[in-house]
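Scroll down for the structure; my scribbles are underneath it.
There are 2 protein chains.
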Amino acid sequence: MEYKFSQRVKNLKPSAIREIFKYASDPEVISLSAGNPSPEAFPCKEIEEISKKIFEENPISVLQYSVTEGYTPLREHLKKYLKESQNIGSQNDDILITSGAQQIMDLCSKSLLNEGEVVICESPSFIGSLNTFRSYNGKLAGVPVESDGMNMQALEKVLQENKNTKFIYTIPNYQNPSGVTMSLEKRKKMYELAKKYGVLIIEDNPYGELRYSGEAIPAIKSFDTDNIVIYAGSFSKVVAPGIRVAYTVAPKEIFSKFVVCKQGSDVHSNIWAQVVCYEYMTKYNFEQHLEELRKIYSIKANFCMDLLDKYAPKIKYHKIDGGLFIWCELPKSVDMPEFCKTAVLNKVCVVPGNAFLTDENEKCQSFRINFSTPTDEQLEKGIKILGKLADKIIK
Amino acid sequence: MEYKFSQRVKNLKPSAIREIFKYASDPEVISLSAGNPSPEAFPCKEIEEISKKIFEENPISVLQYSVTEGYTPLREHLKKYLKESQNIGSQNDDILITSGAQQIMDLCSKSLLNEGEVVICESPSFIGSLNTFRSYNGKLAGVPVESDGMNMQALEKVLQENKNTKFIYTIPNYQNPSGVTMSLEKRKKMYELAKKYGVLIIEDNPYGELRYSGEAIPAIKSFDTDNIVIYAGSFSKVVAPGIRVAYTVAPKEIFSKFVVCKQGSDVHSNIWAQVVCYEYMTKYNFEQHLEELRKIYSIKANFCMDLLDKYAPKIKYHKIDGGLFIWCELPKSVDMPEFCKTAVLNKVCVVPGNAFLTDENEKCQSFRINFSTPTDEQLEKGIKILGKLADKIIK
Numbered sequence: 013m014e015y016k017f018s019q020r021v022k023n024l025k026p027s028a029i030r031e032i033f034k035y036a037s038d039p040e041v042i043s044l045s046a047g048n049p050s051p052e053a054f055p056c057k058e059i060e061e062i063s064k065k066i067f068e069e070n071p072i073s074v075l076q077y078s079v080t081e082g083y084t085p086l087r088e089h090l091k092k093y094l095k096e097s098q099n100i101g102s103q104n105d106d107i108l109i110t111s112g113a114q115q116i117m118d119l120c121s122k123s124l125l126n127e128g129e130v131v132i133c134e135s136p137s138f139i140g141s142l143n144t145f146r147s148y149n150g151k152l153a154g155v156p157v158e159s160d161g162m163n164m165q166a167l168e169k170v171l172q173e174n175k176n177t178k179f180i181y182t183i184p185n186y187q188n189p190s191g192v193t194m195s196l197e198k199r200k201k202m203y204e205l206a207k208k209y210g211v212l213i214i215e216d217n218p219y220g221e222l223r224y225s226g227e228a229i230p231a232i233k234s235f236d237t238d239n240i241v242i243y244a245g246s247f248s249k250v251v252a253p254g255i256r257v258a259y260t261v262a263p264k265e266i267f268s269k270f271v272v273c274k275q276g277s278d279v280h281s282n283i284w285a286q287v288v289c290y291e292y293m294t295k296y297n298f299e300q301h302l303e304e305l306r307k308i309y310s311i312k313a314n315f316c317m318d319l320l321d322k323y324a325p326k327i328k329y330h331k332i333d334g335g336l337f338i339w340c341e342l343p344k345s346v347d348m349p350e351f352c353k354t355a356v357l358n359k360v361c362v363v364p365g366n367a368f369l370t371d372e373n374e375k376c377q378s379f380r381i382n383f384s385t386p387t388d389e390q391l392e393k394g395i396k397i398l399g400k401l402a403d404k405i406i407k
Numbered sequence: 013m014e015y016k017f018s019q020r021v022k023n024l025k026p027s028a029i030r031e032i033f034k035y036a037s038d039p040e041v042i043s044l045s046a047g048n049p050s051p052e053a054f055p056c057k058e059i060e061e062i063s064k065k066i067f068e069e070n071p072i073s074v075l076q077y078s079v080t081e082g083y084t085p086l087r088e089h090l091k092k093y094l095k096e097s098q099n100i101g102s103q104n105d106d107i108l109i110t111s112g113a114q115q116i117m118d119l120c121s122k123s124l125l126n127e128g129e130v131v132i133c134e135s136p137s138f139i140g141s142l143n144t145f146r147s148y149n150g151k152l153a154g155v156p157v158e159s160d161g162m163n164m165q166a167l168e169k170v171l172q173e174n175k176n177t178k179f180i181y182t183i184p185n186y187q188n189p190s191g192v193t194m195s196l197e198k199r200k201k202m203y204e205l206a207k208k209y210g211v212l213i214i215e216d217n218p219y220g221e222l223r224y225s226g227e228a229i230p231a232i233k234s235f236d237t238d239n240i241v242i243y244a245g246s247f248s249k250v251v252a253p254g255i256r257v258a259y260t261v262a263p264k265e266i267f268s269k270f271v272v273c274k275q276g277s278d279v280h281s282n283i284w285a286q287v288v289c290y291e292y293m294t295k296y297n298f299e300q301h302l303e304e305l306r307k308i309y310s311i312k313a314n315f316c317m318d319l320l321d322k323y324a325p326k327i328k329y330h331k332i333d334g335g336l337f338i339w340c341e342l343p344k345s346v347d348m349p350e351f352c353k354t355a356v357l358n359k360v361c362v363v364p365g366n367a368f369l370t371d372e373n374e375k376c377q378s379f380r381i382n383f384s385t386p387t388d389e390q391l392e393k394g395i396k397i398l399g400k401l402a403d404k405i406i407k
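If you read the protein sequences in the order shown, they are chains A and B.
Each residue of the first sequence is one higher than the last, beginning at 13 in our numbering.
Each residue of the second sequence is one higher than the last, beginning at 13 in our numbering.
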């Protein structure tokens, strides 16, 4: 039988990063291509303790069916926590627990996006979200990212030219993959433009709590008096990604639609994981844990940037204040796909930048390095190899 | 701002059952409306042990990102288990771990169903699946269920009249809500019809392992030599629903598309839960556990049917061999919505049958009782009340 897939997914392909991961799984290859939190960042002992306690005291509570909206104590706690720490959330919002932040992108697409409608993204942007928008036949419109966020003239032009824009997708802090943080001025401007053109903003903030230098900049959601911002937060980088817990703060009407859609997607998220997150946030010192994470990643990031300065002077990169990625650039003369292939043959795996573009076939002189997954030795060895390669091809 | 939801979900409403659950949450109301496994059916001690061991030995393995396809040892074990126990799966199939079986319906809809294409369902059928098909603007075509499954003449007629049918959705064992099991003859006929008309079959089998009387009937997937059956199995009823682990055995090409779609939905399912299922299936006596479950549900089901015979002779019902539900019928003279409302006012909550129809506005003389969630006392009290009500309105 010849299977007839739906129009929306007929041409969908596995993400380019997945293909690269195939090389990365070769134990001889140093993978700088992943996006995994550092193994030392997981609160293993605490989760073990919490889990033990749950199963001793009330196992049924984490084994029985639960409600689609999410574990009520976690939702209530997050409301308070987000309000107090970042002024996120109002009377007009509600909070939904999701199976990772990827599901938030799925819910946004499914409930808001008609086929052919436009999603404006930073270009480059997170490939996972782009692929979800693509999977609902959304049309991606990329806006170039500068060192302080999207180019706002370009954003307004795209809004003018695409009257059928549904939402702007942005990762305002230490953007994946560019590492860029959007300035407060641009956040305000983006909000004004969204309001002016009647579109929503999806503010995806998985790394926000991992700022290791500089001043925190208010979330766009913190000045959302018009109820046009859908905020996405996640436990993947601050507790653990394998348990798949994230949350969205969205205007109530949108929240209600999300709940109906989530009911049809997976009924509810794993409830054990939700209880673990709640207990961890409330019975342990969560703020101190975040401090430790910032320390771990600050050391790793600085180590990586020092290595680049020392061993790969021909590779330009954007200095970062947080997150897990460094965005590297090579001169126009370099054939990037060729460079990345040669790197793999030399046992180092990075992600070619075009994988993150709204049009993957566009030319891109950048590649992404992740420094949270490899060990220090691997990082040093890997960057030395990249530096030598760059020296060799850039005269 | 007036939110403009997508066409596909604009008219989507929370399931009728959800609305009924609001009454059911009143502690004074006896809920016969849920579908929860019995609390005594959960292997709490074993899951506690497994979880403890995981966190002592290799916590990172259940906390780090994992692969979309699912935990490899679980997939490999399920392949063997399904092949040996039910002859399910061939060289042409692969197996994907999902976040509950609801996600399988989502993946089927997303990857196969264009807006307006037809899904043929048993009428009545499981409301959760119907709502997922609806959420992708699939058109539902119901085929009446007889005591041995769908009426096959009616099925063929619907296939003839709807050339744009994408798949037939069936729950062959102790169907939710009707309790009906499809005969082998009808399974073979359904397969032949699907082949003849070039449509797929989704075989949803969450209760198959819970047969407590009569002979097991081979799964449709067991004679799928043409690669047209997508099989859905689940741990929700045989381990625990709150951990959200299910699996689909699908032709490889469809499997590959599912993987890409799942990547965009939730990246992967909670990995702790997948390891728990694997360890439980392989390190404990899973077959004996199933035997115990069958005993628990057999006792509960027979107790419930005896109560109906004794206290509610005017309520007709379909005798069951497995599953968690009993489908009750009242004479045509009875106004069913009114009956269900009166029942709630008398502190018993059941689900009116029309909630399970492809057209909820159609008239339906049935209602669904769940016997796995309430205690024996609640069941007895509840059925006495229903019996009295029936006596009162049926002259």
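Using N, Cα and C, we set each Cβ at its ideal position, and we do this for glycine too.
Everything numeric in this text was worked out from a predicted model, so none of it was measured.
What is the residue span of the alpha helix (DSSP H) that B/Thr354 lies within?
Its alpha helix (DSSP H) spans residues 348-357.
The beta strand (DSSP E) spanning A/Cys340 covers which residue range?
DSSP places A/Cys340 in the uninterrupted beta strand (DSSP E) bounded by 337-341.
Where the alpha helix (DSSP H) through B/Cys316 begins and ends:
Counting along the chain, the alpha helix (DSSP H) containing B/Cys316 begins and ends at 298-323.
Within 10 angstroms of its Cβ, does A/Lys117 collect 16 or more other Cβ (buried), or is it exposed?
The sequence given here places Met at residue 117 of chain A; Lys does not occur at that position. Buried, because 16 or more other Cβ atoms sit within 10 Å of the Cβ of A/Met117.
Below 8 Å between beta carbons is the criterion; list the residues of the segment 279-302 of chain A that meet it against any residue of chain B, in chain order.
Residues of the segment 279-302 of chain A that bring their beta carbon within less than 8 Å of a beta carbon in chain B comprise Val279, His280, Ser281, Asn282, Ile283, Trp284, Ala285, in sequence order.
For B/Cys133 and B/Lys122, I'd like the C-alpha separation in whole angstroms.
CA-CA distance, B/Cys133 to B/Lys122, rounds to 17 Å.
On a Cα-Cα basis, can you pick out the residue from A/Pro189, A/Gly399, A/Tyr203, A/Ser277 that is closest to B/Ser147?
Nearest in C-alpha terms to B/Ser147, of all of A/Pro189, A/Gly399, A/Tyr203, A/Ser277, is A/Ser277.
Cβ contact check for the segment 75-85 of chain B and the segment 269-286 of chain B: 3 or more pairs under 8 Å
Contact between the segment 75-85 of chain B and the segment 269-286 of chain B is present, because at least three Cβ pairs lie under 8 Å.
Thinking C-beta only, is A/Ile332 closer than 8 Å to A/Cys340?
Not in contact: A/Cys340 and A/Ile332 (Cβ atoms no closer than 8 Å).
Can the beta-carbon of B/Tyr219 be found closer than 8 Å to that of B/Lys249?
Yes, Cβ-Cβ distance for B/Tyr219 and B/Lys249 is below 8 Å.
Whole runs of the alpha helix (DSSP H) within the segment 96-122 of chain A, excluding any shorter than 4 residues:
Listed in chain order, nothing qualifies, since the segment 96-122 of chain A has no complete alpha helix (DSSP H) run of 4 or more residues.
With a cut-off of 8 Å, does the C-beta of B/Leu24 fall near any C-beta of chain A?
At least one C-beta of chain A is nearer than 8 Å to the C-beta of B/Leu24.
Beta-carbon spacing of A/His211, A/Ile100 below 8 Å:
Just to set this straight, residue 211 of chain A is Val in the shown sequence, not His. No, they are not a contact pair.
From A/Glu14 to A/Leu90, what distance separates their C-alpha atoms?
The alpha-carbon atoms of A/Glu14 and A/Leu90 are separated by roughly 48 Å.
Distance between beta carbons of A/Ile214 and A/Ala206, contact taken as under 8 Å
Not quite, the Cβ-Cβ distance comes to about 10 Å (not below 8 Å), so this is no contact.
Taking only three categories from DSSP, how would you classify A/Ser432?
Because chain A is modelled from 13 through 407, residue 432 of chain A falls outside the range shown and cannot be assessed.
Let me make sure I understand the geometry here. Which of B/Val257, B/Arg223, B/Asp347 has the alpha-carbon closest to that of B/Ala313?
Distance from the Cα of B/Ala313 is smallest, within the candidate group B/Val257, B/Arg223, B/Asp347, for B/Arg223.
Hey, would you say B/Pro189 sits closer than 8 Å to B/Ile232, going by beta carbons?
Contact flag unset, no.
Which value, in whole angstroms, describes the spacing of the CA atoms of A/Gln377 and B/Leu124?
Rounded to the nearest angstrom, the two C-alpha atoms are 37 Å apart.
Quick one, which of B/Leu142, B/Tyr186, B/Phe145, B/Ser135 has its alpha-carbon nearest B/Ala166's?
Per the Cα distances, B/Ser135.
Whole-angstrom C-beta distance between B/Phe270 and B/Val257, which should lie under 8 Å
That belief does not hold up - the Cβ atoms of B/Val257 and B/Phe270 are roughly 16 Å apart, past 8 Å.
Which word fits A/Glu197, buried or exposed, when buried means at least 16 other C-beta atoms lie within 10 angstroms of its C-beta?
By the Cβ neighbour-count rule, A/Glu197 is exposed, with fewer than 16 other Cβ atoms within 10 Å of its own.
Nearest CA to the CA of A/Val79: which residue from B/Leu108, B/Asn70, B/Asn48?
If we check each option's Cα against that of A/Val79, B/Asn48 comes out closest.
Using only alpha-carbon positions, find the residue among A/Tyr35, A/Asn239, A/Tyr203, A/Glu173 that is nearest to A/Glu265.
From the listed residues A/Tyr35, A/Asn239, A/Tyr203, A/Glu173, the smallest Cα separation to A/Glu265 is found for A/Asn239.
Which bits of chain A does B/Cys273 rub up against, with CB to CB less than 9 Å?
Against chain A, the beta carbon of B/Cys273 has neighbours under 9 Å at Val21, Leu24, Ser147, listed in chain order.
Secondary structure of A/Cys361, DSSP reduced to three states
In this structure, A/Cys361 counts as strand in the three-state DSSP scheme.
Just mark A/Asp106 as buried or exposed, buried being the case when its beta carbon has 16 or more other beta carbons within 10 Å.
A/Asp106 comes out buried.
How about A/Leu319 and A/Ile395: do their beta carbons lie closer than 8 Å?
Yes, the pair counts as a contact, with Cβ atoms nearer than the cut-off.
Nearest residue (CA-CA) to B/Gln275, options A/Ile406, A/Phe145, A/Pro85
The residue with the shortest Cα to Cα distance from B/Gln275 is A/Phe145.
Pick out the complete alpha helix (DSSP H) segments inside the segment 120-201 of chain A, 4 residues or longer, and give them in chain order.
As far as the segment 120-201 of chain A is concerned, its whole alpha helix (DSSP H) runs of at least 4 residues are 139-147, 164-173.
By the DSSP assignment, the beta strand (DSSP E) with A/Asp403 in it spans what residues?
It is not in any beta strand (DSSP E) - A/Asp403 instead sits in the alpha helix (DSSP H) that spans 388-405.
Determine, for B/Ile139, whether the minimum Cβ-Cβ distance to residues of chain A falls below 8 Å.
So, not an interface residue.
Taking B/Ser63 as the query, report the chain A residues whose CB atoms sit under 7 Å from its CB, ordered along the chain.
What B/Ser63 touches in chain A: Ser63, Phe67.
Separation of B/Arg380 from B/Ser268, as counted between CA atoms
Taking the straight line from one Cα to the other gives about 37 Å.
C-alpha gap between B/Asp347 and B/Glu204, whole angstroms
Answer to the nearest angstrom: the Cα atoms are 39 Å apart.
Three-state secondary structure (DSSP) at A/Val287?
Looking at A/Val287 - three-state DSSP - the assignment turns out to be helix.
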